[in-house]
Amino acid sequence: MKSFYKLTFIALFFIISCTKTTKKEVEKKDTYTQDNYNKKEVTITMRDGVKLHTTIYSPKDVSKTYPILLQRTPYSCKPYGESEFRTKIGPNLNLMKEGNIIVYQDVRGRWMSEGVYDNMRAYIPNKKTNESDEVSDTYDTIDWLVKNVENNNGNVGTWGISYPGHYATVSTIDAHPALKAASPQACIGDFFFDDFHHNGAFLLSYFKAISLFGTYKDQPTDSAWYSFPDMKTQDQYQFFLDKGPLKNLNEYFQYDRLDVKTTESKNRIDDFFWKEIVEHPNYDSVWQSKGIIQHLNKVPSTVATMIVGGFFDAEDLYGPLETYKGIEKHQPENYNTLVLGPWDHGGWSRNKVKNTVGNYYFGDSISLKFQKEVETKFFNHFLKGDGSKNSGLPEAYVFDTGKKEWKSYDVWPPQNTQKQSFYLSENQELTSDKKSETKINFISNLKRPVPYSEDIKTVFTPRKYMTDDQRFAARRPDVLVFETDVLTEDFTLAGDILAKLKVATTGTAADWIVKVIDVHPADLKNDNKEMQTHLKLSNYHLMVRSEVMRGRFRNSFSNPEPFTPNKKTDVNIKLQDVFHTFKKGHKLQIQIQSTWFPLIDLNPQTYVENIYKADEKDFKTQTHTIFTDSSIEFSTLK
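So for the sequence shown, the working numbering puts the first residue at 434; every next one is plus one.
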C-alpha cells in the first residue's frame, strides 16, 4: 500500500516541479497561504449539467480587487478540504505573494469532478445546445467565477504546464471576454507528435504513465483510482527486450489481474487509453480530432498569450512551438510572445538557483529570473495594468544553449537567418559540399538495439537523456557518425532543422533517428558538481537535438507504406527548433541510427499493418544504408 501511494504521489507531480528549499524556508512557506488566503471549494455546473470541483484561494486582504488566475488540471486540486492548504499556489511565488485570486479545477471526469474523462477531449466547433467540450467547460467556469467570486476585478488569466498547459491553450479558443491573458507552458498540441508519439513512433518509455490517463472512473473521488505496472526490475532496457512485441504488454492493462501472472486473454485491454493507442496506429480521425493547434485561428485579439517551453523538454516541445507559430500564422495582430529556455519539462517553475538539465549546467538563477522578470510581468500587465501591447517584453525571449545567454528578438525564428546544408560524407565527415555519391551500410540487430541512455534504471517518463553525453552511442558500429573539423569561429543554429536522408534497407520497414551533437574540446574542466561521476566535460558529446521518424510515415502519417527492399528512398525528418551556438574549438556532429531503445519501441523491420499487434516472427535483423548525398539543412544565424 505504501508503494501504491508513493506512485500516486509521483503521478500527481508528473507535471508540477518540486521546489528544493532550506528547512527554514519550508517552515515559512508552510503557513504562508493559510496566513494570507481564504480557501473555498465549490462545484460549478456546466451547460450540460455536469458539476466540476473547483478550489478557490482568495486573499484575506479585501481592501482591493484582484484578477483571477485559473488552472484546469487532470492531476488534482489536492489537498481537498477547506482547512487544507497548498504551500505554493499560482504560477510562481511572486504572484502568490503579490496577491491574486488563485483557482484550481479538476477537469471533467478527473478526481472530484463529475463526468467521463476523454484523454485530449476533442474540440467541437459548432456545438449544439447543451453540448460541451473543454472549450465550453472553460468558458462556463470563467463565467461563473467572474460573477460569483468576491473582490475580483473582472480580468482572468490561465496558466499550466504540460497537460494543464494544454487546457490553458484550450481556454484561448472561443475565449470568454473576461479572459485577458493565457500562458500555455509545455503545452500538448497534438498527441501524435507530443508525449506518447514522435512522428508515429511510440514512446515505449512512457509505458508506466499509460494507466494514469486510461483507467476508467465513474464517480468523483479524492483518492487515486489507478495503479502503475510493477516491472519488478531496475533494468528497463532488459525488461522491454525480454517482453518482446508490444502486444505482450496488454496484460499490464487488464486491471482485475494486476499481478499479471495469469491472464484469461492476452489480447484483452481494460485501459481505454492503451486500447486507443493499439487500435489507432496511424494519424487517423481519432488523433486528428484531438489536436488543438488546428484551431488556433479562433483565438480572439482580446487574449494575450505567452507560450513557454524548454529546449530540452523531452515531453512537450512540439506543442509550444506549434502553438506559438499557429497563433502567429492565423492571428498575426494578437499579442503573442514566446519564451524558450535551457529547461527540461517544467524546469522554469522550480525555485532552484543552479540550473541544470541532467548532467549539463547552464547557469544560475535562470528560472528565478524568468519567474520574476517575465512571467510575473506578463500577468501583471494584462490583468492589473493597462493591457496594451506595450508590455515591455520581447516577442521572443530565447536562451542560447551554447553561449549560455538570453537573447531577445522581434519574431521567432529570427529574421536574420539563412538555410545552410551539410552532407553526410565518407570517412565520418560532415561537409558543406557534396563530395561523392556512395553508400554506407550498418546492421540493425533487434536483439541488441542502441540504448537511449547509459543509465540502468526505470523511469516514469524519461527526461535527462536530452542532454546526455552521446559518446557511448558514437562508439557503436550501428550508429553512423559524421562531424566537422574543429570550428574556427562560432556557428549558431536558430530555428528548425531538416534531415534530408537518402536511405535503403534490406527489409520493408525501418526507423530513422537523427541526433545533432555538440562535441566539446578536450581541455574543458567539469563545472557541475552534480555530474555523474563516470562522466567528464572533456570531449563531452552534448545532444542538442534529436528526433525519430517511423519510416512507414515518410510520405503520410495517415497512410503508411512499406519500403521496397534495397531501393534508394527519401526520408525527410523535421527536428524541433534549437537556439545553440557551437563555439569556436567545438565540433558539430551528426549521429544516425535506427533503434533508440527503449525510448521508442522496436520497429519489426518487416512491414506489418499494425506494429502494436506484431508477432515475434515479424522482427528481423536488417542491413540499412545511408547514401552520402544525404544532407542536414540548418537554420543558421547570419
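Cβ coordinates follow ideal geometry from the N, Cα and C atoms, glycine included.
Note that the coordinates shown come from a computational prediction; the quantities given were computed from them, not determined experimentally.
Item to check | Proximity of Ser660 and Ser644 at Cβ, strictly below 8 Å | outcome: yes
Checklist entry - Among all the DSSP beta bridges, which residues are the ones paired with Trp720? => result Paired residue(s): none; Trp720 is not in a bridge.
Checklist entry - Between the Cα of Lys613 and the Cα atoms of Glu684, Val603, Ala737, which residue gives the shortest distance? => result Ala737
Checklist entry - Does the beta-carbon of Pro753 have 16 or more other beta-carbons within 10 angstroms, so that it is buried, or is it exposed? => result buried
Checklist entry - Taking Gln851 as the reference, which of Thr925, Arg978, Ala932, Ser858 has the closest Cα? => result Thr925
Checklist entry - Assuming Thr917 and Leu863 make a contact with CB atoms under 8 Å, what is their CB distance in whole Å? => result 5 Å
Checklist entry - Hey, would you say Ala749 sits closer than 8 Å to His778, going by beta carbons? => result Contrary to the premise, residue 749 reads as Asp rather than Ala in this sequence. In this structure, His778 lies closer than 8 Å to Asp749 by Cβ.
Next on the checklist: Quick check: does the Cβ of Ser660 come within less than 7 Å of any heavy atom belonging to the ligand ZN?
Outcome noted: This structure does not include the ligand ZN; it has no bound ligands of any sort.
Checklist entry - Counting only runs that start and end within the region 798 to 870, where is the beta strand (DSSP E) found for 3 or more residues in a row? => result 829 to 833, 838 to 842, 850 to 857
Checklist entry - Do you know whose CA, among Asn813, Thr498, Ser569, lies nearest Leu826's CA? => result Asn813
Next on the checklist: Using a Cβ-Cβ cutoff of less than 7 Å, which residues in the same chain neighbour Gln861 once the five nearest sequence positions on both sides are dropped?
Outcome noted: Val914, Phe915, Glu916
Next on the checklist: So within the region 1004 to 1032, which uninterrupted beta strand (DSSP E) runs reach at least 3 residues, ignoring any that extend past its ends?
Outcome noted: 1020 to 1026
Checklist entry - Would DSSP call Asp944 helix, strand or coil? => result strand
Item to check | Any 3 or more C-beta pairs closer than 8 Å across the region 1000 to 1019 and the region 894 to 912 | outcome: no
Item to check | Same chain, Cβ closer than 7 Å to Ala907, five either side skipped, listed in chain order | outcome: Val914, His974, Gln1024
Checklist entry - Just the Cα atoms here: how many angstroms apart are Tyr757 and Val540? => result 24 Å
Next on the checklist: Contact defined as beta carbons within less than 8 Å: I believe Gln1009 pairs with Asp911. What is the distance between those atoms, to the nearest angstrom?
Outcome noted: About 25 Å; that fails the 8 Å criterion.
Item to check | Cβ contact check for the region 796 to 815 and the region 519 to 526: 3 or more pairs under 8 Å | outcome: yes
Item to check | Buried versus exposed call for Thr654 [16 or more other C-beta atoms within 10 Å across all chains shown] | outcome: exposed
Item to check | Inter-residue spacing [alpha-carbon to alpha-carbon] between Ala927 and Ser491 | outcome: 43 Å
Item to check | Proximal residues to Asn563 (C-beta, below 6 Å), its chain only, five neighbours per side dropped | outcome: Arg480, Asp481
Checklist entry - Would a C-beta distance cut-off of 8 Å place Val807 and Tyr830 closer than the cut-off? => result yes
Checklist entry - For Phe640, which of Tyr685, Ser886, Ala657 has the nearest alpha-carbon? => result Tyr685
Checklist entry - Is it true that the CB of Lys680 sits closer than 8 Å to the CB of Tyr1040? => result no
Checklist entry - Is the CB-CB distance between Gln1055 and Thr939 below 8 Å? => result yes
Item to check | Distance between Asn959 and Phe990 (C-alpha atoms, nearest Å) | outcome: 43 Å
Next on the checklist: Here's a check: name, in chain order, each residue in its chain whose Cβ is nearer than 6 Å to the Cβ of Glu567, leaving out the five neighbours to either side.
Outcome noted: Arg554, Val603
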